[in-house]
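**Student:** Going by this note's numbering, the sequence shown opens with residue 10, and the numbers climb by one from there. Built from N, CA and C at the ideal position, the CB exists for glycine as well. As the structure is a computational prediction, the values presented were derived from the model and not from experiment. Before I ask anything, here is the structure I am working with.
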Amino acid sequence: MDCININNYYLDGPLTCDNSGFSKWGIGLRANKKYFIKEFLAPVYPSEDAMFTEEKKQERIRICNSFVKEKKELYSAIRDADDGHIAAVEQFFRVGSKYYISTKAYVDRQMSISDLQECMFTDRLRLCCAVAHSMARIHEKRIIHSDIKPDNILIINNRYIPRPYIIDFDCSFFEYNSPKLGEELNGDMVYLSPEGFLHIAEIESNLSCKMDVFALGLVFHQYLTGEMPDFDHNEYQYAYEAVLDDHPLDVGKINNDYCKVMIQKMLAKKPEDRPDMRAVFNTLNAVFLSLLGRSLPEKIEEKRVEKQEEEYEFLQYAGDL
């Protein structure tokens with residue numbers, strides 16, 4: 010089979026819809042480097058020979074132009090937030106009537122949550138720190154990822170040290186442009202926040218970066234213990250259901266009290282009761298350093314997260330990541 014050329018990215022086969030509801034995707038080569046190529050299923054730019062009225066054609070062009078403007082703003086902000094652990098979009102382009110993005114492909118040496126449990130607790134905590142730092146940077150841009158889950162945080166085995174890359178910003182939006190009541194909200198129900206469900210149920214809409222904080226509380230619990238926080242599975246299917254019913258999730262399997270308290274806060278019912286990701290990073294980083302012999306400061310949630318913060322201090326102990 011001949012290679013497929015999409016804007017000088019060469020693919021061995023056609024793009025597929027596997028595990029992706031809004032796009033087709035595949036792996037392509039460009040200058041001997043692997044890239045993840047994604048084709049958006051919508052919008053579709055009208056072709057010259059499209060059987061539309063001029064009015065309908067111009068309407069579709071306006072929709073496409075709005076899509077391009079929104080995506081360029083989003084991708085630019087994400088790129089600016091990148092601290093080395095974000096799979097930022099390399100290119101956003103149109104070929105014919107279809108829109109595409111490319112990102113660096115991380116396809117080798119991936120680690121599962123089960124694999125992580127073979128690592129030391131400090132390595133798993135370092136992983137949480139790295140993800141928290143990146144998400145704090147993203148949230149400082151007022152960007153809500155909106156689909157945080159293990160599948161969207163690739164973990165690469167870098168000489169037995171797990172290195173994360175946050176991927177897939179398909180569902181992301183700026184906090185000031187969040188879906189209004191009655192508008193669609195996409196994401197994984199397993200990691201959905203209580204307020205995310207209330208929006209979907211059209212009860213109330215209070216969407217903020219704290220949605221991601223809740224989802225990361227679930228993910229970090231999995232990183233540290235190998236399991237989701239516990240709740241009554243006979244009564245509830247999803248974590249947000251238990252929380253909305255005033256049954257806090259059980260994080261008792263985390264074997265560090267400071268981490269346990271922080272993740273319990275991340276899983277609070279009300280968004281305003283959850284810490285922001287800056288506070289999460291500062292706390293987990295301080296705990297990590299304390300496990301390496303540093304003393305814990307009295308106030309560890311207030312320090313600003315910078316793009317290059319002493320090389321993220323915790324990475325001093327991680328080797329060359």
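Please determine, among Asn195, Leu83, Lys262 and Ala224, the residue with the shortest C-alpha to C-alpha distance to Ala210.
**Tutor:** Residue mapping note: residue 210 aligns to position 201 of the sequence shown, counting from 1. Of Asn195, Leu83, Lys262 and Ala224, the residue nearest in Cα terms is Asn195.
**Student:** Alpha carbon to alpha carbon, how far is Ile249 from Leu258?
**Tutor:** Translated into positions along the sequence shown, residue 249 becomes position 240. Translated into positions along the sequence shown, residue 258 becomes position 249. Per the sequence shown, the amino acid found at residue 249 is Tyr instead of Ile. So the alpha carbons of these two residues sit roughly 9 angstroms apart.
**Student:** If you draw a straight line from the alpha carbon of Cys12 to that of Gly37, how long is it in whole angstroms?
**Tutor:** Indexing the sequence shown from 1 puts residue 12 at position 3. Indexing the sequence shown from 1 puts residue 37 at position 28. Roughly 10 angstroms separates the two Cα atoms.
**Student:** Quick check: Leu300 and Thr131, are their CB atoms within less than 8 angstroms of each other?
**Tutor:** Taking the first residue of the sequence shown as position 1, residue 300 is located at position 291. Taking the first residue of the sequence shown as position 1, residue 131 is located at position 122. Yes; because the gap between Cβ atoms is below 8 angstroms, this pair is in contact.
**Student:** Can you tell me whether Leu38 is helix, strand or coil according to DSSP?
**Tutor:** In the sequence shown, the residue the question calls residue 38 occupies position 29. Strand.
**Student:** When you compare each of Pro238, Arg146, Asp179 and Leu233 to Pro171 by their alpha carbons, which one comes out closest?
**Tutor:** Translated into the one-based positions of the sequence shown, residue 171 becomes position 162. It is Leu233.
**Student:** Within the chosen definition, does the stretch 264-276 reach the stretch 216-229 through at least 3 CB pairs nearer than 8 angstroms?
**Tutor:** The stretch 264-276 is in contact with the stretch 216-229.
**Student:** Buried or exposed: which applies to Asp329, given that a residue is buried once 16 or more other Cβ atoms fall within 10 Å of its Cβ?
**Tutor:** Against the sequence shown, residue 329 aligns to sequence position 320. Here the model assigns Asp329 a pLDDT of 33, short of 50, so the residue's position is not dependable, and the following value carries that caveat. Under this definition Asp329 is an exposed residue.
**Student:** Where Met129 and Gln231 are concerned, what is the direct C-alpha to C-alpha distance, given to the nearest angstrom?
**Tutor:** Position 120 of the sequence shown holds residue 129. Position 222 of the sequence shown holds residue 231. Met129 and Gln231: Cα-Cα distance of roughly 14 angstroms.
**Student:** Taking Cβ to Cβ, would you say Lys113 is nearer than 8 angstroms to Ala96?
**Tutor:** In the sequence shown, counting from the first residue as 1, residue 113 sits at position 104. In the sequence shown, counting from the first residue as 1, residue 96 sits at position 87. The answer is yes: Cβ separation under 8 angstroms.
**Student:** In or out: Pro23 buried (at least 16 other Cβ within 10 Å) or exposed?
**Tutor:** For the purposes of this step, residue 23 is taken as residue 14 along the sequence shown, with counting starting at 1. Counting Cβ neighbours within 10 Å, Pro23 comes out exposed, since fewer than 16 surround it.
**Student:** I'd like the ranges of any alpha helix (DSSP H) spanning at least 4 consecutive residues and lying wholly in the stretch 81-153.
**Tutor:** The qualifying runs are 122-125 and 130-149.
**Student:** Would the stretch 120-129 count as touching the stretch 70-84 if we require 3 or more Cβ pairs under 8 angstroms?
**Tutor:** Cβ pair count under 8 angstroms is below three, so no.
**Student:** What separation, rounded to the nearest whole angstrom, lies between the Cα atoms of Phe61 and Arg71?
**Tutor:** Numbered from 1 along the sequence shown, position 52 holds the residue referred to as residue 61. Numbered from 1 along the sequence shown, position 62 holds the residue referred to as residue 71. Their Cα atoms are separated by approximately 14 angstroms.
**Student:** Count the other C-beta atoms from every protein chain shown that fall within 10 angstroms of the C-beta of Ile212, then say buried if there are 16 or more, exposed otherwise.
**Tutor:** Counted from its first residue, the sequence shown places residue 212 at position 203. Exposed: under 16 other Cβ atoms inside 10 Å.
**Student:** Nearest to Ala40 by alpha carbon, out of Asn17, Pro52 and Pro55?
**Tutor:** Sequence index remark: in the sequence shown, residue 40 carries index 31 (1-based). Measuring from the Cα of Ala40, the nearest candidate turns out to be Asn17.
**Student:** Please classify Asp259: does DSSP put it in a helix, a strand, or coil?
**Tutor:** The count along the sequence shown starts at 1 and reaches residue 259 at position 250. It is a strand residue.
**Student:** For Asp160, tell me which candidate among Tyr174, Gly191 and Ile15 has the shortest Cα-Cα distance.
**Tutor:** Your numbering for residue 160 matches position 151 in the sequence shown. That would be Tyr174, whose Cα lies nearest to the Cα of Asp160.
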